[in-house]
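>
2 protein chains.
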Amino acid sequence: MPTITAFERSPDGGRGLARDTRVRWALEETGRAYEVRLVSFAAMKQPEHLALHPFGQIPTYEEGDVALFETGAIVLHIAERHAGLLPDHPAARSRAITWMFAALNTVEPPILEREQAPYVVGDRPWRAELLPLLDGRVRARLTQLSARLGEAEWLDGAFSAGDLMMVSVLQRLKSSAVLKEFPTLAAYVARGEARPAYARAFAAQWKVNARQPSG
Amino acid sequence: MPTITAFERSPDGGRGLARDTRVRWALEETGRAYEVRLVSFAAMKQPEHLALHPFGQIPTYEEGDVALFETGAIVLHIAERHAGLLPDHPAARSRAITWMFAALNTVEPPILEREQAPYVVGDRPWRAELLPLLDGRVRARLTQLSARLGEAEWLDGAFSAGDLMMVSVLQRLKSSAVLKEFPTLAAYVARGEARPAYARAFAAQWKVNARQPSG
Chain A
22 MPTITAFERS
32 PDGGRGLARD
42 TRVRWALEET
52 GRAYEVRLVS
62 FAAMKQPEHL
72 ALHPFGQIPT
82 YEEGDVALFE
92 TGAIVLHIAE
102 RHAGLLPDHP
112 AARSRAITWM
122 FAALNTVEPP
132 ILEREQAPYV
142 VGDRPWRAEL
152 LPLLDGRVRA
162 RLTQLSARLG
172 EAEWLDGAFS
182 AGDLMMVSVL
192 QRLKSSAVLK
202 EFPTLAAYVA
212 RGEARPAYAR
222 AFAAQWKVNA
232 RQPSG
Chain B
22 MPTITAFERS
32 PDGGRGLARD
42 TRVRWALEET
52 GRAYEVRLVS
62 FAAMKQPEHL
72 ALHPFGQIPT
82 YEEGDVALFE
92 TGAIVLHIAE
102 RHAGLLPDHP
112 AARSRAITWM
122 FAALNTVEPP
132 ILEREQAPYV
142 VGDRPWRAEL
152 LPLLDGRVRA
162 RLTQLSARLG
172 EAEWLDGAFS
182 AGDLMMVSVL
192 QRLKSSAVLK
202 EFPTLAAYVA
212 RGEARPAYAR
222 AFAAQWKVNA
232 RQPSG
């Protein structure tokens with residue numbers, strides 16, 4: 022049984038945005054049991070955890086002689102070995118993996134840039150000028166993504182690891198006004214969240230974070 | 022034989038930073054011939070190209086019934102099908118793929134954020150305050166990466182698709198003072214560029230961009 026790491030206390034207070042949720046979701050979609058080791062912020066910066074994750078983050082994935090970090094790599098590792106997240110046809114399989122990379126390398130960076138900007142710039146007076154510029158970069162990507170998705174249920178036929186990753190990335194915008202400008206993308210996120218495997222993953226991370234008063 | 026797309030006229034004037042170089046490099050490492058279709062900036066935004074690449078960028082990869090975008094997905098597709106870019110042992114193979122995702126989702130985003138910031142903020146007076154903050158974010162990642170690389174030649178034993186992607190990402194910093202603060206990472210980039218396959222990939226893209234006066 023694989024062991025993953027997760028925050029001892031998630032900064033989002035259990036809203037499911039910590040990246041262990043993506044891995045839990047992939048494990049649930051493929052019907053796999055797993056164990057969780059909780060890691061404190063202090064422990065994440067210690068040599069023992071850095072040996073497992075050189076960037077001092079969660080999640081990690083350990084199973085037998087396999088030890089991985091990076092959500093994309095972990096989800097792909099699971100998807101390649103267990104049915105439920107990648108189509109059988111080789112060309113469709115490569116397209117699903119393409120959407121995983123698109124989520125992580127094309128759509129997520131402007132979203133995280135915008136999300137983190139308030140922490141990066143602090144209370145500098147020009148913060149109010151910067152944030153709309155960054156919203157514009159997010160909007161540009163969502164415009165392209167919604168044009169491709171159209172009225173389809175998923176990005177390329179059946180639900181895949183590509184959708185799992187894209188929905189997870191877009192979830193970060195749920196508290197932002199920008200996602201509301203794209204109703205088909207908001208509905209796409211809701212479809213992902215309605216999957217029973219997602220509900221189980223969410224509940225599992227919620228249980229961890231509800232054990233303690235949130236900050 | 023696969024066909025990839027590249028800029029008709031690369032914005033970097035042939036320095037090899039356009040993303041087709043990554044794909045050319047992977048094809049060269051695996052000894053594969055390929056064809057190139059050049060695309061103008063205007064054509065990249067047209068429906069025909071958007072059908073192939075929903076975000077209107079290059080490179081794309083077409084071979085038989087396979088049509089892909091996203092450099093990470095293309096390089097992985099090549100690496101999984103041809104010897105030379107992934108180790109045989111399953112655990113080592115998953116680690117190499119982990120480094121591909123780390124390059125694209127953890128190391129590249131702060132580098133691109135810093136690189137693009139001058140274009141995003143234009144000549145607003147606070148630009149000079151923002152850029153050092155973004156340099157700090159790049160520096161934080163490079164500190165962690167150089168701690169992991171140490172004095173090793175490559176990230177995890179033999180050269181892999183993970184190194185190909187990480188070197189390509191770090192190359193974007195060659196004109197930045199930040200990379201010079203990390204001599205082992207600068208040497209790592211130089212080792213990547215010294216590979217004969219990289220030299221062939223670089224020469225091929227240079228030939229395209231040297232055909233015309235650079236802007």
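Those protein sequence lines, which keep their order, are chains A and B. The numbering of the first sequence is the working numbering, which starts it at 22 and goes up by one. The numbering of the second sequence is the working numbering, which starts it at 22 and goes up by one. Built from N, CA and C at the ideal position, the CB exists for glycine as well.
1) In three-state terms, what does DSSP make of residue 83 of chain A?
2) Residue 144 of chain A: buried (16+ other C-beta within 10 angstroms of its C-beta) or exposed?
3) Excluding the five sequence neighbours on either side, which residues of its own chain have a C-beta within less than 7 Å of the C-beta of residue 156 of chain B, listed in chain order?
4) Counting only runs that start and end within the stretch 54-99 of chain B, where is the alpha helix (DSSP H) found for 4 or more residues in a row?
5) Can you give me the start and stop residues for the beta strand (DSSP E) that residue 26 of chain A sits inside?
6) Residues of the stretch 42-69 of chain B with a CB closer than 8 Å to any CB of chain A: list them in chain order, please.
7) Could you name the residues of the same chain whose beta carbon sits closer than 7 Å to that of residue 61 of chain B, not counting the 5 residues immediately before and after it, in chain order?
8) Roughly how many angstroms separate the alpha carbons of residue 118 of chain A and residue 183 of chain A, rounded to a whole number?
9) What alpha helix (DSSP H) runs, 4 residues minimum, are completely inside the stretch 171-223 of chain A?
10) Just verifying my parser: in three-state terms, what is the DSSP assignment at residue 36 of chain B?
11) Residue 112 of chain A: which of B:98, B:213, B:132 sits nearest, CA to CA?
12) When you compare the CB positions of residue 83 of chain B and residue 23 of chain B, do they come within less than 9 Å of one another, or not?
13) For residue 74 of chain A, does the count of other Cβ atoms within 10 angstroms reach 16, so buried, or fall short, so exposed?
14) Give the interface partners of residue 86 of chain A over in chain B, defined as CB-CB distance under 8 Å, in chain order.
15) Is the CB-CB distance between residue 124 of chain A and residue 190 of chain A below 9 Å?
16) Report the rounded CA-to-CA distance for residue 197 of chain B versus residue 42 of chain B, giving the unit in angstroms.
17) Does the stretch 204-220 of chain B come close enough to the stretch 31-50 of chain B that 3 or more CB-CB pairs lie under 8 Å?
18) Any Cβ of chain B within less than 9 Å of the Cβ of residue 230 of chain A?
19) Do you know how far the Cα of residue 138 of chain B is from the Cα of residue 194 of chain B?
20) Along the stretch 184-211 of chain A, where does the CB come closer than 7 Å to a CB of chain B? Name the residues.
21) By the three-class DSSP mapping on this structure, what secondary structure does residue 51 of chain B have?
22) Measure the Cβ-Cβ separation of residue 163 of chain A and residue 101 of chain A and say whether it is below 9 Å.
23) Counting only C-beta atoms, is residue 116 of chain A closer than 9 Å to chain B at any point?
24) Can you find a C-beta in chain B that's less than 9 Å from the C-beta of residue 174 of chain A?
25) When you compare only the Cα positions, how much space is there between residue 67 of chain A and residue 169 of chain B?
26) Is it right to say residue 35 of chain A is buried, meaning 16 or more other beta carbons lie within 10 angstroms of its own, or is it exposed?
27) DSSP three-state label for residue 144 of chain A, please.
28) In this structure, how does DSSP classify residue 157 of chain B when only helix, strand and coil are distinguished?
29) List the residues of chain A that residue 135 of chain B touches, going by C-beta distances under 8 Å, in chain order.
30) With DSSP collapsed to three states, give me the class of residue 167 of chain B.
31) Note down, in chain order, every chain B residue with its Cβ under 9 Å from the Cβ of residue 226 of chain A.
32) Quick check on residue 205 of chain A: buried or exposed, where buried means 16 or more other Cβ atoms within 10 Å of its Cβ?
33) Nearest CA to the CA of residue 230 of chain B: which residue from B:54, B:59, B:215?
Short version:
1) As a working note, residue 83 of chain A is residue 62 in the first sequence. Three-state result, residue 83 of chain A: strand.
2) Numbered from 1 along the first sequence, position 123 holds the residue referred to as residue 144 of chain A. Here residue 144 of chain A is exposed, its C-beta having fewer than 16 other C-beta atoms within 10 Å.
3) For the purposes of this step, residue 156 of chain B is taken as residue 135 along the second sequence, with counting starting at 1. Cβ within range, chain order: 135, 199.
4) 62-65, 68-73
5) The residue labelled residue 26 of chain A in the question sits at position 5 within the first sequence. From DSSP, the beta strand (DSSP E) with residue 26 of chain A extends over 24-28.
6) Within the stretch 42-69 of chain B, not one residue has a Cβ closer than 8 Å to any Cβ of chain A.
7) Residue 61 of chain B sits at position 40 when you count from the first residue of the second sequence. These residues qualify, in order along the chain: 29.
8) Here residue 118 of chain A is taken as the residue at index 97 of the first sequence, counted from 1. Here residue 183 of chain A is taken as the residue at index 162 of the first sequence, counted from 1. Straight-line Cα distance between these residues: approximately 6 Å.
9) 182-192, 198-201, 204-214
10) By 1-based counting over the second sequence, the position of residue 36 of chain B is 15. Here residue 36 of chain B sits in coil by DSSP.
11) Translated into the one-based positions of the first sequence, residue 112 of chain A becomes position 91. With distances taken between Cα atoms, residue 112 of chain A lies closest to B:98.
12) As a first step, residue 83 of chain B is located in the second sequence; it is residue number 62 there, counting from the start. As a first step, residue 23 of chain B is located in the second sequence; it is residue number 2 there, counting from the start. Yes; because the gap between Cβ atoms is below 9 Å, this pair is in contact.
13) Sequence index remark: in the first sequence, residue 74 of chain A carries index 53 (1-based). Flag for residue 74 of chain A reads buried.
14) Taking the first residue of the first sequence as position 1, residue 86 of chain A is located at position 65. Result: 112.
15) Position 103 of the first sequence, counting from 1, holds the residue named residue 124 of chain A. Position 169 of the first sequence, counting from 1, holds the residue named residue 190 of chain A. Contact check for residue 124 of chain A against residue 190 of chain A passes: the beta carbons are separated by less than 9 Å.
16) The sequence position of residue 197 of chain B within the second sequence is 176, counting from 1. The sequence position of residue 42 of chain B within the second sequence is 21, counting from 1. Approximately 20 Å between the Cα atoms of the pair.
17) yes
18) Here residue 230 of chain A corresponds to residue number 209 of the first sequence, with the count starting at 1. Chain B contact via Cβ: absent.
19) To locate residue 194 of chain B, count along the second sequence from 1; it is residue 173. To locate residue 138 of chain B, count along the second sequence from 1; it is residue 117. About 14 Å.
20) none
21) On the second sequence, residue 51 of chain B is found 30 positions in, with the first residue counted as 1. Residue state, collapsed to three classes: coil.
22) Here residue 163 of chain A corresponds to residue number 142 of the first sequence, with the count starting at 1. Here residue 101 of chain A corresponds to residue number 80 of the first sequence, with the count starting at 1. Cβ distance not < 9 Å, so residue 163 of chain A and residue 101 of chain A don't count as in contact.
23) Position 95 of the first sequence, counted from the start, is the residue given in the question as residue 116 of chain A. It does; some Cβ of chain B falls within 9 Å.
24) Reading the first sequence from its first residue, position 153 is the one you call residue 174 of chain A. Under the Cβ distance rule, residue 174 of chain A does not count among the residues neighbouring chain B, no pair being separated by less than 9 Å.
25) Taking the first residue of the first sequence as position 1, residue 67 of chain A is located at position 46. Taking the first residue of the second sequence as position 1, residue 169 of chain B is located at position 148. Between residue 67 of chain A and residue 169 of chain B, the C-alpha separation is close to 13 Å.
26) Against the first sequence, residue 35 of chain A aligns to sequence position 14. Classification for residue 35 of chain A: buried.
27) Locating residue 144 of chain A in the first sequence gives position 123, counting from the first residue. The answer is coil: DSSP assigns residue 144 of chain A none of H, G, I, E or B.
28) Numbered from 1 along the second sequence, position 136 holds the residue referred to as residue 157 of chain B. Helix.
29) Translated into the one-based positions of the second sequence, residue 135 of chain B becomes position 114. Within 8 Å of the CB of residue 135 of chain B, no CB atom of chain A is found; the nearest one sits about 10 Å away.
30) Mapped onto the second sequence, residue 167 of chain B falls at position 146. Three-state DSSP puts residue 167 of chain B in a helix.
31) By 1-based counting over the first sequence, the position of residue 226 of chain A is 205. What residue 226 of chain A touches in chain B: nothing, since even the nearest Cβ is about 20 Å away.
32) In the first sequence, counting from the first residue as 1, residue 205 of chain A sits at position 184. The residue in question, residue 205 of chain A, is exposed, as its Cβ has fewer than 16 Cβ neighbours within 10 Å.
33) As a position in the second sequence, residue 230 of chain B is number 209, starting the count at 1. Residue B:59 is the option with its Cα nearest to residue 230 of chain B.
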